[in-house]
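Participant: Each residue of the sequence shown is one higher than the one before, starting from 8 at the first, in the numbering used here.
Virtual Cβ for every residue (Gly too), placed ideally from N, Cα, C.
Quick one: the structure is below, and I'll ask about it shortly.
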Amino acid sequence: MESLYIAMVSAECAPVAKAGGLGDFIHGLGRELMACGHEVEIVLPKYDVLRYECIQGLRPVRRDLWVPFERETIHCDVESGQVDGLRCLFVDVHSRHGFFNRGRIYGDVDDAERFTVFCHVVLEYFRHAKRRPDVIHCNDWQTGLLPVLLYERYERLGLRRTRVCYSLHNLGYQGWCEPRLLSAHGLDVQRLMTPDRLQDPGNPRCANLMKGGIVYSNFVTTVSPRYAWEIQHTEQGMGLQSLLKQYHGKFAGVLNGIDVTTWNPATDAAIPCHYDIDRLPRKAKNQRALRERLDLIETARPLVAIVSRLERQKGIELMLHAISYTLNQGQFVLLGTASEPAIAAEFIRLGRDADPAHCRLQLGYDEDLAHLIYAGADLILIPSRYEPCGLTQMIAMRYGCVPVVRGVGGLADTVFDANDSDRPFSERNGFVFHEPTPEALEGALERALGLWREHPDHFLQLRLNGMRADYSWRTSTQRYLEIYRYLLRDIPT
Ligand code: ADP
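Here it is, written out as structure tokens:
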């Protein structure tokens, strides 16, 4: 089949600019599309915090772009380089605001200005480029204005044949901003600030960039089928439910994959003893190494773990409850990053009061320790309030670690309960609870710990079922290719 030219425009791409799962999505899908023979270009801002050691052959490709913004015209350059085999374009914006020299990817008061200027430069670049992408794949609110600018302006300037696919990774962040930002880009505020275009449904004086992306894109996806349903039918849509229902004909949930090369217990350089489905007993050596590293004692108790950002979205209260509950019969390890000091303080307090022989709560980001935890733990706990997809449960299952999760979003699409599921036994791989309550959590944890204790052969079966499943990007990439081809069906080649 004919090869496509796909430009993926995003605020993140692992490992060069990663804050979370979005970075993994761009890297994973981009590499798999390339492996299928397509031409892929990742377009990112040129942040001062790029991991430059991950970029090969960085060189300028365009020096003379000028983009109107407010009352000035901003001079921009574009550079290109290779990141893990992917061709990346880095947009350098020479504005007096130093838009991408902030020492971090997100979190500034002018984030809406920063990322809309980025979108504008991307279109200006493609307008002047020799070849135009077949598909521009945009992601999250930071790129929501791109399809708006494309169809309001750039279509007439030569980008008539390019189509836009727009992926929603988290509805908790929608890019709310003042309408004057639209006029700063030369757009017609009167025309755009209407209920059927960019006006926010909850606050009519506010523009909503994610809403713009949904309305103006040719197709919209989100990162799991269950989250696609939840954001149309429950408050998880955070105000965009009706809009998504209105556009359900161009909307689909496509489950994310994980990078099965990085996350492979048979080759993982961060774990002391390699194993796979045929050599699962070797996992015990990693458990010993994990206990040793965290000063936990050797014991015949199960080891339960959490690896997570410690944000409200992830179910902080349930995590705290689970730690105390588990310590009566098992050991607990937590690795987490907390941006709110109050949340960090709660975990520090609990860690100080717990028995150090059986509990270690470690705050901070540690890639190698995360690998060792997946390899060493028996159970992983993910009690999220909402979870668009979640990679942690898929990674854990690949390492033979059994997930205990709240049945929301992508967790519901990937974890099938040992006792209560419509799936055949060979596909059951974990424990699921539904209500966000301590009682529901305890019920699932008790079933998991009980099975580990009383029926080790059944518990082993769950581990094996999880390890056997395919979490690679292969299937989902085919789905995205179907979407891209569907969008290009009417364009003569
Ligand atoms: P989200 O993108 O919402 O943070 P995901 O489950 O999609 O959640 O992805 C989380 C990823 O980040 C996983 O790869 C997990 O191993 C990693 N991770 C989370 N917290 C930490 C941490 N403190 N140290 C190392 N890795 C972490």
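Strictly by DSSP, which residues pair up with S315?
Facilitator: For the purposes of this step, residue 315 is taken as residue 308 along the sequence shown, with counting starting at 1. DSSP lists G343 as partners of S315.
Participant: Is I402 close to the ligand ADP? I mean its beta-carbon at under 7 Å from any heavy atom of the ligand.
Facilitator: Here residue 402 refers to the residue found at position 395 of the sequence shown. Correct: I402 has its Cβ closer than 7 Å to the ligand ADP.
Participant: CB of G337 to nearest heavy atom of the ligand HEM: below 7 Å?
Facilitator: Judged by which ligands are present, the ligand HEM is missing from the structure shown, whose ligands are the ligand ADP.
Participant: Excluding the five sequence neighbours on either side, which residues of its own chain have a C-beta within less than 7 Å of the C-beta of T399, listed in chain order?
Facilitator: Mapped onto the sequence shown, residue 399 falls at position 392. Cβ neighbours of T399 beyond the five flanking positions: V314, S315, I387 and I389.
Participant: Starting from I389, follow its DSSP beta bridges and name the residues at the other end.
Facilitator: As a working note, residue 389 is residue 382 in the sequence shown. V412, per the DSSP bridge assignment.
Participant: Starting from D91, follow the beta strand (DSSP E) in both directions and report where the run begins and ends.
Facilitator: For the purposes of this step, residue 91 is taken as the residue at position 84 of the sequence shown. Here D91 belongs to no beta strand (DSSP E), and DSSP marks it neither H nor E.
Participant: List the residues that DSSP assigns as beta-bridge partners of F122.
Facilitator: Sequence index remark: in the sequence shown, residue 122 carries index 115 (1-based). BP columns for F122 are empty, so no partner.
Participant: Straight-line CA distance for R187 to D118?
Facilitator: Against the sequence shown, residue 187 aligns to sequence position 180. Against the sequence shown, residue 118 aligns to sequence position 111. Straight-line Cα distance between these residues: approximately 15 Å.
Participant: Does the beta-carbon of E509, which I'm using as the reference point, lie nearer than 7 Å to any heavy atom of the ligand ADP?
Facilitator: The chain is shown only over 8 to 500; residue 509 falls outside these bounds and no answer can be derived.
Participant: Would you decide whether T169 is buried or exposed? Buried here means 16 or more other CB atoms lie within 10 Å of its CB.
Facilitator: Here residue 169 refers to the residue found at position 162 when the sequence shown is read from its first residue. Result: buried.
Participant: Between which two residues does the beta strand (DSSP E) harbouring H144 extend?
Facilitator: As a first step, residue 144 is located in the sequence shown; it is residue number 137 there, counting from the start. Element bounds for H144: V142 to N146.
Participant: With a threshold of 7 Å (Cβ to nearest heavy atom), would V314 be considered close to the ligand ADP?
Facilitator: In the sequence shown, residue 314 corresponds to position 307, counting from 1. Because some heavy atom of the ligand ADP lies under 7 Å away, the Cβ of V314 counts as near it: yes.
Participant: Quick check: does the Cβ of G343 come within less than 7 Å of any heavy atom belonging to the ligand ADP?
Facilitator: Within the sequence shown, residue 343 is the residue found at index 336, counting from 1. G343: yes, Cβ under 7 Å from the ligand ADP.
Participant: A273 to D283, Cα distance in whole Å?
Facilitator: Working through the sequence shown from its first residue, we reach residue 273 at position 266. Working through the sequence shown from its first residue, we reach residue 283 at position 276. Approximately 5 Å between the Cα atoms of the pair.
Participant: With A455 as the anchor, note down where its alpha helix (DSSP H) starts and where it stops.
Facilitator: Translated into the one-based positions of the sequence shown, residue 455 becomes position 448. It spans P445 to E461 - the alpha helix (DSSP H) in which A455 sits, taken as one unbroken run.
Participant: Give me the Cα-Cα distance between C145 and C20, rounded to the nearest whole angstrom.
Facilitator: Locating residue 145 in the sequence shown gives position 138, where the first residue counts as 1. Locating residue 20 in the sequence shown gives position 13, where the first residue counts as 1. Rounded to the nearest angstrom, the two C-alpha atoms are 13 Å apart.
Participant: What is the residue span of the beta strand (DSSP E) that Y173 lies within?
Facilitator: In the sequence shown, counting from the first residue as 1, residue 173 sits at position 166. Segment R170 to L175, the beta strand (DSSP E) holding Y173.
Participant: Could you give the C-beta distance for Q369 and L456, rounded to a whole number, given that I count them as a contact under 8 Å?
Facilitator: In the sequence shown, residue 369 corresponds to position 362, counting from 1. In the sequence shown, residue 456 corresponds to position 449, counting from 1. So it is not a contact: roughly 22 Å between Cβ atoms.
Participant: If I follow the unbroken beta strand (DSSP E) through M15, where does it start and stop?
Facilitator: Mapped onto the sequence shown, residue 15 falls at position 8. First-last of the beta strand (DSSP E) with M15: Y12 to V16.
Participant: Please specify which runs of the alpha helix (DSSP H), each continuous and at least 4 residues long, are wholly inside the stretch 244-284, giving them in chain order.
Facilitator: Correct list: 248-253.
Participant: Check whether the stretch 420-438 and the stretch 239-250 touch, using three or more Cβ-Cβ pairs below 8 Å as the test.
Facilitator: Too few Cβ pairs lie closer than 8 Å, so no.
Participant: Let me know the secondary structure DSSP gives T229 once reduced to three states.
Facilitator: Taking the first residue of the sequence shown as 1, we reach residue 229 at position 222. T229: strand per DSSP, three-state reduction.
Participant: Specify, as a first and last residue, the run of the beta strand (DSSP E) that G64 falls within.
Facilitator: By 1-based counting over the sequence shown, the position of residue 64 is 57. Here the beta strand (DSSP E) through G64 covers Q63 to F76.
Participant: Is there at least one non-hydrogen atom of the ligand ADP closer than 7 Å to the beta-carbon of L379?
Facilitator: In the sequence shown, residue 379 corresponds to position 372, counting from 1. For the ligand ADP, not one heavy atom lies less than 7 Å from the Cβ of L379.
Participant: Need the endpoints of the beta strand (DSSP E) that V47 sits in, please.
Facilitator: By one-based count along the sequence shown, residue 47 stands at place 40. Here the beta strand (DSSP E) through V47 covers E46 to P52.
Participant: Return helix, strand or coil for G417, following the three-state DSSP convention.
Facilitator: Residue 417 sits at position 410 when you count from the first residue of the sequence shown. Reduced to three states, the DSSP call for G417 is helix.
Participant: What are the boundary residues of the beta strand (DSSP E) that includes L194?
Facilitator: Against the sequence shown, residue 194 aligns to sequence position 187. L194 -> no beta strand (DSSP E), and no H or E assigned at all.
Participant: Give me, in chain order, the residues of the same chain whose beta-carbon lies closer than 8 Å to that of I304; leave out the 5 immediate sequence neighbours on both sides.
Facilitator: Locating residue 304 in the sequence shown gives position 297, counting from the first residue. Excluding positions up to five away in sequence, the list reads R298, A364 and H365.
Participant: How many Å lie between N426 and S479 at the Cα?
Facilitator: Against the sequence shown, residue 426 aligns to sequence position 419. Against the sequence shown, residue 479 aligns to sequence position 472. Computed Cα separation, rounded: 26 Å.
Participant: Please confirm if the stretch 135-144 is in contact with the stretch 98-118, defined as three or more CB-CB distances below 8 Å between the two stretches.
Facilitator: Output reads no: the stretch 98-118 does not touch the stretch 135-144.
Participant: With a 10 Å radius around its C-beta and 16 neighbouring C-beta atoms as the bar for buried, classify R167 as buried or exposed.
Facilitator: Stepping through the sequence shown from its first residue, residue 167 is reached at position 160. It is exposed - the Cβ of R167 has fewer than 16 other Cβ atoms within 10 Å.
Participant: Could you please give the first and the last residue of the uninterrupted alpha helix (DSSP H) stretch that includes R481?
Facilitator: Within the sequence shown, numbered from 1, the residue matching residue 481 stands at position 474. Where R481 is concerned, the enclosing alpha helix (DSSP H) stretches over R481 to L494.
Participant: Going by other Cβ atoms of all chains shown within 10 Å of its Cβ, with 16 needed for buried, is P507 buried or exposed?
Facilitator: The structure shown does not extend to residue 507, since the chain is modelled only from 8 through 500, so no value can be given for it.
Participant: Is any non-hydrogen atom of the ligand ADP found closer than 7 Å to the C-beta of D420, if you look at the structure I gave you?
Facilitator: By one-based count along the sequence shown, residue 420 stands at place 413. No, since every heavy atom of the ligand ADP falls outside the 7 Å radius drawn around the Cβ of D420.
Participant: Figure out for me which residue from D424, H465 and G414 has the closest Cα to the Cα of P443.
Facilitator: Start at 1 with the first residue of the sequence shown, and residue 443 comes out as number 436. It is G414.
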